[in-house]
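Visitor: This is the structure I have questions about; it appears just below.
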Amino acid sequence: MRTVWLSTIRTSSMPGFRRAGCLALLGALALGLAAPAARAQTALLNVSYDPTRELYREINEAFARSYKAKTGEDVTVRASHGGSGAQARTVIDGVDADVVTLGIPSDIDAIARLTKKIPADWRGKLPNDSLPYTSTVVFLVRKGNPKGVKDWSDLAKPDVKVITPNPKTSAGGRWNFLAAWGYAYGQDKDAAKADAFVGQLYKNVPVLDTGARGSTVTFAQRRLGDVLPTWENEAYLVLQEFGADKFDIVVPPTSIYAEPPVALVPGNADRKGTAKAAQAYLDYLYTDEAQAIFAKHHYRPFKAQAAAGAGLPDVKLFKIEDYQGSWDDIQAKNFDSGGLFDRLSQAGR
Amino acid sequence: MAATLAAAPAEAPAPRPARRFRRPSVLPGFGLSFGYTLACLGIVVLLPLAGLVVKASGLGFSGILRVATDPRVASALKLSFGVSLLSALVASVFGFLIAWVLTRYEFPGRKIVDAAVDLPFALPTAVAGIALASLYAPDGLIGAPLDRLGIQVAYTPLGVFVAMTFVGLPFAVRTVQPLIAEIDREIEEASATLGASRRATLLKVVLPPLIPAVLTGFALAFARGVGEYGSVIFIAGNLPYVSEIAPLLIVIKLSEFDYGGAAAIATIMLGISFLTLLAINLIQAWSRRRFGYV
Amino acid sequence: MSEIISPVRLPTGRPAPVAGEGAGVRAVLIGIAVTFLALFLVIPLGAVFAQAFAHGVSAYLDAFREPDALSAIRLTLTVAAIAVPFNLVFGVAAAWAIAKFEFPGKTFLITLIDLPFSVSPVVSGLIYVLLFGSQGLFGGWLQAHNIQILFALPGIVLATVFVTFPFVARELIPLMQEQGSSEEEAALTLGASGFHAFRTVTLPNIRWGLLYSVLLCNARAMGEFGAVSVVSGHIRGLTNTMPLHVEILYNEYNFVAAFAVASLLAALALVTLVVKSFLEWRFAGELAAGRRH
Chain A
1 MRTVWLSTIR TSSMPGFRRA GCLALLGALA LGLAAPAARA QTALLNVSYD
51 PTRELYREIN EAFARSYKAK TGEDVTVRAS HGGSGAQART VIDGVDADVV
101 TLGIPSDIDA IARLTKKIPA DWRGKLPNDS LPYTSTVVFL VRKGNPKGVK
151 DWSDLAKPDV KVITPNPKTS AGGRWNFLAA WGYAYGQDKD AAKADAFVGQ
201 LYKNVPVLDT GARGSTVTFA QRRLGDVLPT WENEAYLVLQ EFGADKFDIV
251 VPPTSIYAEP PVALVPGNAD RKGTAKAAQA YLDYLYTDEA QAIFAKHHYR
301 PFKAQAAAGA GLPDVKLFKI EDYQGSWDDI QAKNFDSGGL FDRLSQAGR
Chain B
1001 MAATLAAAPA EAPAPRPARR FRRPSVLPGF GLSFGYTLAC LGIVVLLPLA
1051 GLVVKASGLG FSGILRVATD PRVASALKLS FGVSLLSALV ASVFGFLIAW
1101 VLTRYEFPGR KIVDAAVDLP FALPTAVAGI ALASLYAPDG LIGAPLDRLG
1151 IQVAYTPLGV FVAMTFVGLP FAVRTVQPLI AEIDREIEEA SATLGASRRA
1201 TLLKVVLPPL IPAVLTGFAL AFARGVGEYG SVIFIAGNLP YVSEIAPLLI
1251 VIKLSEFDYG GAAAIATIML GISFLTLLAI NLIQAWSRRR FGYV
Chain C
2001 MSEIISPVRL PTGRPAPVAG EGAGVRAVLI GIAVTFLALF LVIPLGAVFA
2051 QAFAHGVSAY LDAFREPDAL SAIRLTLTVA AIAVPFNLVF GVAAAWAIAK
2101 FEFPGKTFLI TLIDLPFSVS PVVSGLIYVL LFGSQGLFGG WLQAHNIQIL
2151 FALPGIVLAT VFVTFPFVAR ELIPLMQEQG SSEEEAALTL GASGFHAFRT
2201 VTLPNIRWGL LYSVLLCNAR AMGEFGAVSV VSGHIRGLTN TMPLHVEILY
2251 NEYNFVAAFA VASLLAALAL VTLVVKSFLE WRFAGELAAG RRH
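Residue numbers (my numbering), protein chains in the order written: chain A, 1 to 349; chain B, 1001 to 1294; chain C, 2001 to 2293.
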């Protein structure tokens, strides 16, 4: 009786019901059709950070070709992008990522710590501390550099407006923060002075977007602010997308050695039976072919030969680990609840 | 099904059944529909919300209090509640005016304007947020002239206000509109005939019965504004202590893997939603007694 | 809360002239109302379409040739096709129980049905993360049984169902309360079965209210952003709904495509409003103006 009651509602003579019923049927069909097609071949999921959308689109296609040529197997790589912290959170909550390619080591550490799906010693599993490429932070300014921004110290001047993402949610935001701190610390090795400098700089920030991409849109599209410290690759992309006649790139004399690492997620890949393809994907990132793609997208490839092809300017790069110790310490000291960023924004209000 | 079958004979004029859950009726289907309603409600609403409260209670009361009094959380809550109160107030005032104009006056395009009021209901919030941000940005269509006057809207608390007013307006209009349509014109005319000025008629005769509906619209706009996320984050600027709203802080806490903190803020917001809805029900109960309708 | 909006008939023809404000005051009031609505509602909508067509029609159409856009559209339709009928059945059942019977705690029950309405969309997403996420209450169990709820279709559907939960019920309750039960009682007395009475008496009475609430429920289900964004995982071509796809395109500096997809959602909103206005105009008598959606 109950089933009759319900089913009759759905098939009653009302147009609304009928339409909804048809839609439901169509939806179910679409799902039914789509699912087996996707299962016929290996599908990998790469959970990545915000500015790598264009990069991994090309890498994923190139990898699929190369894998097919080598093994004869079809593989598709899907990508998911967003603020690095938010992306790590989705993996922790259960997104079936086979590989993670995040913006900062501490986000992969967090996945390892909270889920055990990644071994704690993941950084040693791949060459160059699991860094197929590195990057740094440069400045994007308006054409002609009207505020005369040359170095990090200019960002703390009172009449300069700086656009940077929220370090709590964005890896790019954290690198900017650490780069500014490292610059100040490098001047006279005084941590208190470096803290104060960063506090001064963040007083000049009118908008804190949640991701690097949000900040770029604010700066380039909404025309807010005078300088956008950002990933080197992102700065070049903006010139390409928004027009080189609107912006200039200013390379500071010193900047940070930014480390966006990659890692296999054995906890997911083993269960899905995709570990072999996932490992091949990560190994592929170190091939000449992939390294050339990194160079093309203005990342700093691991291999010297590809790096020469990137044509990126020489910058004196410092490693934040040299100043602040392990990544656990760096994360806790600066960005966790009650860390330096929280204290600065509280003091700055 | 047993309950449904039992429902039909329940109509027999049994004098004062000892304790019956519901008043007798000839209509069948109570057991089925009531049970189904409770089951859906339980699975979709109550179970997940209970999960939230359980998670937050893991922190203990003092833990929740500590989260709530954390200066950054406190300031986000203050912004969310303060600005949504203000925007609900503005939405109520203009909503009343719009409802009045739409029901009382005839002018070209009235029907289109009437339909446009519902736009924020149907327009996806993210789309609204992006559109509002591009319009109210310092170089936008509306933002540019305001910028010349020295008023910056986007990326300030004023931007939050604009987005919240946007989502709250339909509630303010649609709750008072039917009641304005229902006002007995004769009473107004009687008041005028008895020598009351238009102003006095409006204030003493027309307005009082509308107050509960205005309050309800206000509360609904407020509840919607407090929780709004999609349209606000694009236009807010998201600066801690300045333009960071409470829902964004939940998202940030999640990105920090601080599930307890996220649940605590969510629980605080949930409690306030409860209280708001309760207030609406009390207003209605009161006005039913006072005016006989709402 | 059902009583707030006592079902009344909005004047559908010309409003009668009021012995009230003078022509001047009237013009000013109309001016203020129209300006306010234009600034807050109409211009943003226009901006969406203007930007969508900024580079011409072919650039606009290109946005829909992307496989990822098509998959986002398909996912959105699928989610709505599950969530809306579910809420429809729930809404009818809830309205039947609440409007046709008297029982204690009714106001409390209505308040609970209303609750999702005033819960922040972010919280609506968060609750499912806390339940079904790997770190959540049922996370371990789900993982052991290899059931994926979060970051897959079920999670997106759940979050959408939650957000649109009150829509149909809240529209139907005042409508059915207003209509009372005398017609159904008469049908039963004449020997109709309960189900037959429901189909032949109740359904025709509520059909326009039902259609109208389904429209709004559908618009909201397709447009939900905050809640879905928390549970989706943002996997291109797999778990991106249309509003999320808009955000992605926007973040890829592909503004024309972003606004093109947005315009599709806005067009849906417009169609909803047009159909709704048409229903109101055509069936004003049957359609209690359930003003709160």
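Each residue gets a CB set at the ideal place from its N, CA and C atoms; glycine is no exception.
Between the region 330 to 338 of chain A and the region 165 to 176 of chain A, do at least 3 Cβ pairs fall closer than 8 Å?
Guide: yes
Visitor: Taking the continuous beta strand (DSSP E) assigned at S255 of chain A, which residues delimit it?
Guide: Within the first sequence, residue 255 of chain A is the residue found at index 255, counting from 1. Here the beta strand (DSSP E) through S255 of chain A covers 254 to 256.
Visitor: Return the residue from the list C:L2216, C:G2237, C:E2247, C:T2239 that minimises the CA-CA distance to S2277 of chain C.
Guide: For the purposes of this step, residue 2277 of chain C is taken as the residue at position 277 of the third sequence. Nearest of C:L2216, C:G2237, C:E2247, C:T2239 to S2277 of chain C, Cα basis: C:L2216.
Visitor: Starting from P229 of chain A, follow its DSSP beta bridges and name the residues at the other end.
Guide: The sequence position of residue 229 of chain A within the first sequence is 229, counting from 1. Note: P229 of chain A sits in a beta bridge opposite A:F139.
Visitor: Please state if the CB of V95 of chain A and the CB of F2103 of chain C are separated by a distance shorter than 8 Å.
Guide: Along the third sequence, one-based indexing puts residue 2103 of chain C at 103. Along the first sequence, one-based indexing puts residue 95 of chain A at 95. Contact flag unset, no.
Visitor: Determine the closest residue to Y56 of chain A out of A:A292, A:P229, A:D342, A:S255, with distance taken between C-alpha atoms.
Guide: Within the first sequence, the letter at position 56 stands for residue 56 of chain A. Of the candidates A:A292, A:P229, A:D342, A:S255, the one whose C-alpha sits nearest the C-alpha of Y56 of chain A is A:A292.
Visitor: Check this for me: beta carbons of V227 of chain A and K147 of chain A, under 8 Å apart or not?
Guide: Counted from its first residue, the first sequence places residue 227 of chain A at position 227. Counted from its first residue, the first sequence places residue 147 of chain A at position 147. Taking 8 Å as the Cβ cut-off, V227 of chain A and K147 of chain A qualify as a contacting pair.
Visitor: Is the beta carbon of P2121 of chain C less than 8 Å from the beta carbon of G1230 of chain B?
Guide: Here residue 2121 of chain C refers to the residue found at position 121 when the third sequence is read from its first residue. Here residue 1230 of chain B refers to the residue found at position 230 when the second sequence is read from its first residue. Yes. Within cutoff.
Visitor: Helix, strand or coil for L31 of chain A? Go by DSSP, reduced to three states.
Guide: As a first step, residue 31 of chain A must be located in the first sequence, where it is residue number 31. With a pLDDT of 44 at L31 of chain A, under the threshold of 50, the predicted position of this residue should be treated as unreliable, though the coordinate-derived value follows. Three-state result, L31 of chain A: helix.
Visitor: Going by beta-carbon coordinates alone, are R1072 of chain B and D342 of chain A separated by less than 8 Å?
Guide: Position 72 of the second sequence, counted from the start, is the residue given in the question as residue 1072 of chain B. Position 342 of the first sequence, counted from the start, is the residue given in the question as residue 342 of chain A. Yes, Cβ-Cβ distance for R1072 of chain B and D342 of chain A is below 8 Å.
Visitor: Quick one: which residues of the region 1212 to 1230 of chain B get their C-beta closer than 9 Å to a C-beta of chain A? List them in chain order.
Guide: Answer in chain order: no residues at all.
Visitor: Residues in the same chain with beta-carbon distance under 6 Å from D1147 of chain B, minus the five sequence neighbours each way, listed in chain order, please.
Guide: Position 147 of the second sequence holds residue 1147 of chain B. Only P1138 meet the Cβ criterion.
Visitor: Taking only three categories from DSSP, how would you classify A295 of chain A?
Guide: Within the first sequence, the letter at position 295 stands for residue 295 of chain A. A295 of chain A falls in the helix class under three-state DSSP.
Visitor: For G2237 of chain C, count neighbouring Cβ atoms within 10 angstroms of its own Cβ and tell me buried if that reaches 16, exposed if not.
Guide: Within the third sequence, numbered from 1, the residue matching residue 2237 of chain C stands at position 237. That one is buried.
Visitor: For the alpha helix (DSSP H) holding D129 of chain A, just list the boundary residues, first then last.
Guide: In the first sequence, residue 129 of chain A corresponds to position 129, counting from 1. Start and end: 127 to 130.
Visitor: Determine the contact status of N2218 of chain C and V2034 of chain C, defining contact as a CB-CB distance below 8 Å.
Guide: Counting from 1 along the third sequence, the entry for residue 2218 of chain C is found at position 218. Counting from 1 along the third sequence, the entry for residue 2034 of chain C is found at position 34. Not in contact: N2218 of chain C and V2034 of chain C (Cβ atoms no closer than 8 Å).
Visitor: Please return the same chain residues whose Cβ sits closer than 6 Å to the Cβ of T8 of chain A, not counting the five positions on each side in sequence.
Guide: As a first step, residue 8 of chain A is located in the first sequence; it is residue number 8 there, counting from the start. Note on T8 of chain A: pLDDT 26, under 50, position unreliable in the model; the coordinate value appears next. Excluding sequence neighbours, T8 of chain A sits near nothing in its chain.
Visitor: Taking Cβ positions only, does P1240 of chain B come closer than 8 Å to chain A?
Guide: Along the second sequence, read from residue 1 onward, the residue named residue 1240 of chain B stands at position 240. So yes, P1240 of chain B belongs to the interface.
Visitor: Cutting at 6 Å between CB atoms, please list the residues of its own chain near G1140 of chain B, excluding the five before and the five after it.
Guide: Position 140 of the second sequence, counted from the first residue, corresponds to residue 1140 of chain B. Here the set comprises S1134.
Visitor: Which two residues bound the contiguous beta strand (DSSP E) that contains L1202 of chain B?
Guide: Sequence index remark: in the second sequence, residue 1202 of chain B carries index 202 (1-based). Careful: L1202 of chain B lies outside any beta strand (DSSP E) and carries neither H nor E.
Visitor: So what's R1022 of chain B in DSSP terms, helix, strand or just coil?
Guide: For the purposes of this step, residue 1022 of chain B is taken as the residue at position 22 of the second sequence. Of the three classes helix, strand and coil, the one that applies to R1022 of chain B here is coil, per DSSP.
Visitor: Got a sec? Which residues, its chain only, sit under 7 Å from A1279 of chain B by beta carbon, not counting five neighbours each side?
Guide: As a working mapping, residue 1279 of chain B is identified with position 279 in the second sequence. Correct list, in chain order: A1219.
Visitor: Over what stretch of residues does the beta strand (DSSP E) that includes K316 of chain A continue unbroken?
Guide: As a working mapping, residue 316 of chain A is identified with position 316 in the first sequence. 316 to 318 is the span of the beta strand (DSSP E), which, as asked, contains K316 of chain A.
Visitor: Kindly indicate which three-state DSSP category P2174 of chain C falls into: helix, strand or coil?
Guide: Here residue 2174 of chain C refers to the residue found at position 174 of the third sequence. Correct three-state label for P2174 of chain C: helix.
Visitor: Would you report the Cα separation of A2260 of chain C and A2267 of chain C, rounded to the nearest angstrom?
Guide: Working through the third sequence from its first residue, we reach residue 2260 of chain C at position 260. Working through the third sequence from its first residue, we reach residue 2267 of chain C at position 267. Distance between the alpha carbons of A2260 of chain C and A2267 of chain C is about 10 Å.
Visitor: Please list the partners that V95 of chain A has in chain C, where partner means a Cβ-to-Cβ separation under 7 Å.
Guide: Counting from one through the first sequence, the residue named residue 95 of chain A turns up at place 95. Under the 7 Å cutoff, chain C gives F2151, G2233.
Visitor: Would you please verify whether the beta carbon of Y1155 of chain B is less than 8 Å from any beta carbon of chain A?
Guide: What you label residue 1155 of chain B is simply residue 155 of the second sequence in a count that begins at 1. Closer than 8 Å to some Cβ of chain A, the Cβ of Y1155 of chain B qualifies, so yes.
Visitor: Skipping 5 residues on each side, what residues in its chain have a beta carbon closer than 8 Å to that of Q1177 of chain B?
Guide: Against the second sequence, residue 1177 of chain B aligns to sequence position 177. Excluding residues within five positions, the ones whose Cβ falls inside 8 Å are A1099, L1102, T1103.
Visitor: Between the region 160 to 184 of chain A and chain B, which residues of the former have a C-beta closer than 8 Å to a C-beta of the latter?
Guide: N166, K168, T169
Visitor: Is it the case that the Cβ atoms of F1166 of chain B and F2049 of chain C are separated by a distance below 8 Å?
Guide: Stepping through the second sequence from its first residue, residue 1166 of chain B is reached at position 166. Stepping through the third sequence from its first residue, residue 2049 of chain C is reached at position 49. Not closer than 8 Å, so no.
Visitor: List the residues of chain B that E2102 of chain C touches, going by C-beta distances under 8 Å, in chain order.
Guide: Position 102 of the third sequence, counting from 1, holds the residue named residue 2102 of chain C. Simply R1022, R1023, S1025.
Visitor: Considering only the alpha carbon of each residue, which of A:K276, A:P229, A:R142, A:D109 lies closest to S326 of chain A?
Guide: Counting from 1 along the first sequence, the entry for residue 326 of chain A is found at position 326. Of the listed residues, the one whose Cα sits closest to S326 of chain A is A:D109.
Visitor: Between the alpha carbons of G2022 of chain C and L2029 of chain C, how many angstroms are there, rounded?
Guide: Indexing the third sequence from 1 puts residue 2022 of chain C at position 22. Indexing the third sequence from 1 puts residue 2029 of chain C at position 29. Near 11 Å, if we compare the C-alpha coordinates of L2029 of chain C and G2022 of chain C.
Visitor: Would W2141 of chain C be called buried (16 or more neighbouring beta carbons within 10 Å of its own) or exposed?
Guide: Residue 2141 of chain C sits at position 141 when you count from the first residue of the third sequence. Answer is exposed; the Cβ neighbour count stays below 16.
Visitor: Taking a Cβ distance cut-off of 8 Å, strictly less, list which residues of the region 65 to 89 of chain A are near chain B, in chain order.
Guide: G83, G85, A86, A88, R89
Visitor: Rounded to whole angstroms, what is the Cα-Cα separation between T2272 of chain C and V149 of chain A?
Guide: Position 272 of the third sequence, counted from the first residue, corresponds to residue 2272 of chain C. Position 149 of the first sequence, counted from the first residue, corresponds to residue 149 of chain A. Using only the alpha carbons, I get a separation of about 51 Å.
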